[in-house]
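Visitor: Dropping a structure here in structure tokens format, bear with me for questions.
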Amino acid sequence: MSDLFDESQRATLERRIDEWLGTVHRAHPNTVAAERAMNENDRWMVRLHGEAKEFTTIWLRLGQRTLRYETYVMPFPEEHVPEVFELLLRRNERLVGAHYALGAENAVYLTGELVLAALDELELDRIIGTLYATVESHFEELVHLGFARRFQASQ
């Protein structure tokens with residue numbers, strides 16, 4: 107089993123994440139916020155303004171060996187549940203470094219994990235870009251299928 111990152115190595119990774127998030131916030135106009143979570147030294151939040159979904163908030167958590175990341179996609183579907191889950195599973199097959207999952211309260215999340223040894227700016231950028239682009243490209247179809255009656259009533 108590999109060695110755990112010591113306090114010095116973790117502090118270096120934390121500093122690199124802080125610096126990268128500062129760069130992302132200034133460089134990308136759809137970034138609303140990118141910062142360390144309050145009262146949690148090992149957790150960060152990136153909030154992006156989207157078109158399909160108004161906002162996508164991505165959470166990063168630095169663990170002993172991995173960086174975990176996730177974003178809330180939508181609540182548990184009210185209808186067409188088997189079709190929604192089939193669609194999610196089929197989309198999982200094409201995703202790299204992320205997957206759809208049921209999380210808290212059975213809500214649909216997009217989540218993933220990266221070993222700390224592979225953590226750098228390019229990987230952080232890929233993670234944020236993958237989660238954001240995936241939510242943007244799938245959100246409307248998932249919501250319209252999982253909550254079809256709500257959309258029919260508004261027409």
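Position one of the sequence shown corresponds to residue 107 (our numbering), numbered consecutively onward.
Using N, Cα and C, we set each Cβ at its ideal position, and we do this for glycine too.
None of these values were measured; they are calculated from a predicted model.
Taking just the CA atoms, how far does Gln-258 sit from Ile-123?
Guide: Between Ile-123 and Gln-258, the alpha-carbon positions lie close to 44 Å from each other.
Visitor: Can you look up Val-202 in the DSSP assignment and give me helix, strand or coil?
Guide: coil
Visitor: Three Cβ pairs or more, each shorter than 8 Å: is that satisfied between the region 212-219 and the region 137-151?
Guide: Contact between the region 212-219 and the region 137-151 is absent, because fewer than three Cβ pairs lie under 8 Å.
Visitor: At 4 residues or longer, what runs of the alpha helix (DSSP H) sit wholly inside the region 113-171?
Guide: 113-133
Visitor: Based on DSSP bridge pairs, tell me the residues matched to Arg-263.
Guide: Here the chain comprises residues numbered 107 to 261, so residue 263 is not present and cannot be evaluated.
Visitor: Could you give the first and the last residue of the continuous alpha helix (DSSP H) run that contains His-250?
Guide: 227-252
Visitor: For Leu-110, does the three-state DSSP call read helix, strand or coil?
Guide: coil
Visitor: Between the C-alpha atoms of Leu-194 and Arg-132, what's the straight-line distance to the nearest angstrom?
Guide: 33 Å
Visitor: Using the Cα positions of Ile-164 and Thr-177, report the straight-line distance between them to the nearest angstrom.
Guide: Note on geometry: alpha-carbon atoms of Ile-164 and Thr-177 lie some 5 Å from one another.
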